[in-house]
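Residue numbers (this note's numbering), protein chains in the order written: chain S, 77 to 329; chain C, 77 to 329.
Each residue gets a CB set at the ideal place from its N, CA and C atoms; glycine is no exception.
It should be emphasised that the depicted structure is a prediction, and the values quoted were computed from it without experimental measurement.
Scroll down for the structure; my scribbles are underneath it.
Spelled out as structure tokens, the structure:
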């Protein structure tokens, strides 16, 4: 089996850039990228090609574009015969002309910060065994945490990330806005949140649940609901999440 | 003004124990506690009294019992003439016979782990200026972060803690349960959550919000709702939180 020696990256957003800068130092690997538009002073400029077709000599093309553009980009690769892998958690495996795969790093990226992939979990899938093996061994050159995962399970993992990360972030955003409006510093909450959220990740979050809903402390719940009566966004979330916590602990386990 | 030289703690739960072990080493301070029941081999036994009345010689009594028992305990202190402070975030300041106060550490405690109060924010309130000053300077012996805060603001701060900490913990608990049921390891999410939740605390969480609701990625949202159609607990939370995120970014700021 031929080892992957050349990689093309389509997309120079946050993910594309992080991929590029992590792949570039790998020995025996050439890396090129295609961006819709790129400035001459961009650090990726020297390694960028003008047309996607110029990547067709590569052993692997990674599609690092937004989810809704993946299929469209894939169609441009009809004449390409190497492996094509997209990097999306929510998008199923696509055939992409016979050698399709998935190369999903479970992390948020930004354009300005280049992160090492070493500790980032990478989830791999291929539409045939050879592609899977190729992607798997290639991924191991980047990360210490590589796992093969089906599209179905990857989609569930992505859903879990949304529930735990995106929704918690929203609750923190609403808390920051509420305290700012009330003239109270958010700063004082940081030690509690660092400790509490850190514990939740490494312990059983169900068991360490605290707060008035967990204790069924109706007096505090009522006082909070009364404080929130003008808060059209926080009020329904407070009601629903408190209700969910209360009933969760009534269930038999 | 007389400096506080003796403290009595009522309650030997998680908070009472943490208070006791932080106060005990302070120079020039005697600390006693009252517990409803205490074993001879308990580390607090040597410093415990049999009746609450035996604490009446103290300059300060800290009530470290659960919120719903605070008033009842306070009534036993009718003949006591020192300062009485409760330690609850949700309970308003009470008069407690003339020298009432609040001594609220913003942190979760457990019986088994004794934490240093040095980095724990302590919020102080007194029903007269002298009591406030006494509590404030006493609190400064324990913590580097002491602040005077009104009952009204303390209650809002406590509400903010519930929204950001208790609710996020619940979302993480539901995520852990969901992944376990689906046979997927929660472990892989830890780097994402550590990074994401850490950023939320030190940055503007509204600005760093990501995820399908933020992007109005209807395709992914629909796919997730379809995955959750049998999940009677996660489904309504997913719907409401996604809706809240979507509309939050439509508002003018």
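Can a CB atom of chain C be found closer than 9 Å to the CB of residue 280(S)? By one-based count along the first chain, residue 280(S) stands at place 204. Closer than 9 Å to some Cβ of chain C, the Cβ of residue 280(S) qualifies, so yes.
Environment of residue 104(S) [buried if 16+ CB atoms lie within 10 Å]: The residue labelled residue 104(S) in the question sits at position 28 within the first chain. Residue 104(S) should be labelled exposed.
Rounded to a whole number of angstroms, what is the C-alpha to C-alpha distance between residue 139(C) and residue 181(C)? Locating residue 139(C) in the second chain gives position 63, counting from the first residue. Locating residue 181(C) in the second chain gives position 105, counting from the first residue. Each residue's alpha carbon lies about 13 Å from the other.
Rounded straight-line distance, which links the Cα of residue 89(C) to that of residue 193(C): Numbered from 1 along the second chain, position 117 holds the residue referred to as residue 193(C). Numbered from 1 along the second chain, position 13 holds the residue referred to as residue 89(C). Roughly 16 Å between the two C-alpha positions.
Going along chain S in order, which residues have a C-beta closer than 7 Å to the C-beta of residue 81(C)? By 1-based counting over the second chain, the position of residue 81(C) is 5. Going along chain S, no residue has its Cβ under 7 Å from residue 81(C), so there is no contact; the nearest lies around 29 Å.
Anything in the stretch 170-186 of chain S with a Cβ closer than 7 Å to a Cβ of chain C? List those residues in chain order, please. 182, 183 and 184
So, are the CB atoms of residue 221(S) and residue 201(S) less than 9 Å apart? In the first chain, residue 221(S) corresponds to position 145, counting from 1. In the first chain, residue 201(S) corresponds to position 125, counting from 1. Against a cut-off of 9 Å, the Cβ pair of residue 201(S) and residue 221(S) comes out as no contact.
Whole-angstrom distance between residue 191(C) and residue 98(C), CA atom to CA atom: Numbered from 1 along the second chain, position 22 holds the residue referred to as residue 98(C). Numbered from 1 along the second chain, position 115 holds the residue referred to as residue 191(C). Answer to the nearest angstrom: the Cα atoms are 8 Å apart.
Just the Cα atoms here: how many angstroms apart are residue 239(S) and residue 244(C)? Numbered from its first residue, the first chain carries residue 239(S) at position 163. Numbered from its first residue, the second chain carries residue 244(C) at position 168. If you take the alpha carbons of residue 239(S) and residue 244(C), they lie about 9 Å apart.
Label residue 156(S) either buried or exposed according to how many other C-beta atoms from any shown protein chain fall within 10 Å of its C-beta, with 16 as the threshold for buried. For the purposes of this step, residue 156(S) is taken as residue 80 along the first chain, with counting starting at 1. When all chains shown are included, residue 156(S) counts as buried.
Bridge partner(s) assigned by DSSP for residue 268(C): As a first step, residue 268(C) must be located in the second chain, where it is residue number 192. Note: residue 268(C) sits in no beta bridge, so no partner.
How close, in whole Å, do the beta carbons of residue 186(S) and residue 134(S) come, if the pair is a contact with beta carbons under 8 Å? Position 110 of the first chain, counted from the start, is the residue given in the question as residue 186(S). Position 58 of the first chain, counted from the start, is the residue given in the question as residue 134(S). So it is not a contact: roughly 26 Å between Cβ atoms.
Express the C-alpha separation of residue 234(C) and residue 278(C) in angstroms, rounding to a whole number. Translated into positions along the second chain, residue 278(C) becomes position 202. Translated into positions along the second chain, residue 234(C) becomes position 158. Their backbone Cα atoms lie some 19 Å apart in a straight line.
Would you report the Cα separation of residue 212(S) and residue 325(S), rounded to the nearest angstrom? Position 136 of the first chain, counted from the start, is the residue given in the question as residue 212(S). Position 249 of the first chain, counted from the start, is the residue given in the question as residue 325(S). Distance between the alpha carbons of residue 212(S) and residue 325(S) is about 41 Å.
Measure from the alpha carbon of residue 314(C) to the alpha carbon of each residue in 300(C), 96(C) and 170(C), then state which is nearest. Counted from its first residue, the second chain places residue 314(C) at position 238. It is 300(C) whose Cα lies nearest to the Cα of residue 314(C).
Which residue wins for smallest C-alpha separation from residue 257(S), given the options 249(C), 199(C) and 229(C)? As a working note, residue 257(S) is residue 181 in the first chain. Nearest of 249(C), 199(C) and 229(C) to residue 257(S), Cα basis: 229(C).
Taking DSSP's pairing of strands, which residues face residue 201(S) in a bridge? Mapped onto the first chain, residue 201(S) falls at position 125. DSSP output for residue 201(S) lists 178(S) as bridge partner(s).
Please confirm if the stretch 284-296 of chain S is in contact with the stretch 278-289 of chain C, defined as three or more CB-CB distances below 8 Å between the two stretches. no
What residue from 152(S), 158(S), 101(S) and 96(S) has the CA that sits closest to residue 79(S)'s CA? Here residue 79(S) corresponds to residue number 3 of the first chain, with the count starting at 1. The residue with the shortest Cα to Cα distance from residue 79(S) is 158(S).
Any chain C beta carbon closer than 9 Å to residue 232(S): Residue mapping note: residue 232(S) aligns to position 156 of the first chain, counting from 1. Cβ-Cβ to chain C under 9 Å: yes for residue 232(S).
Indicate, with yes or no, if the ligand NAP has a heavy atom lying under 8 Å from the CB of residue 166(S). As for the ligand NAP, it is missing from this structure, which has no ligand bound.
Just to confirm, is the Cβ distance from residue 164(C) to residue 149(C) under 9 Å? Locating residue 164(C) in the second chain gives position 88, counting from the first residue. Locating residue 149(C) in the second chain gives position 73, counting from the first residue. No; because the gap between Cβ atoms is not below 9 Å, this pair is not in contact.
According to the Cβ coordinates, are residue 120(C) and residue 84(C) closer than 9 Å? Translated into the one-based positions of the second chain, residue 120(C) becomes position 44. Translated into the one-based positions of the second chain, residue 84(C) becomes position 8. No, the Cβ-Cβ distance between residue 120(C) and residue 84(C) is not below 9 Å.
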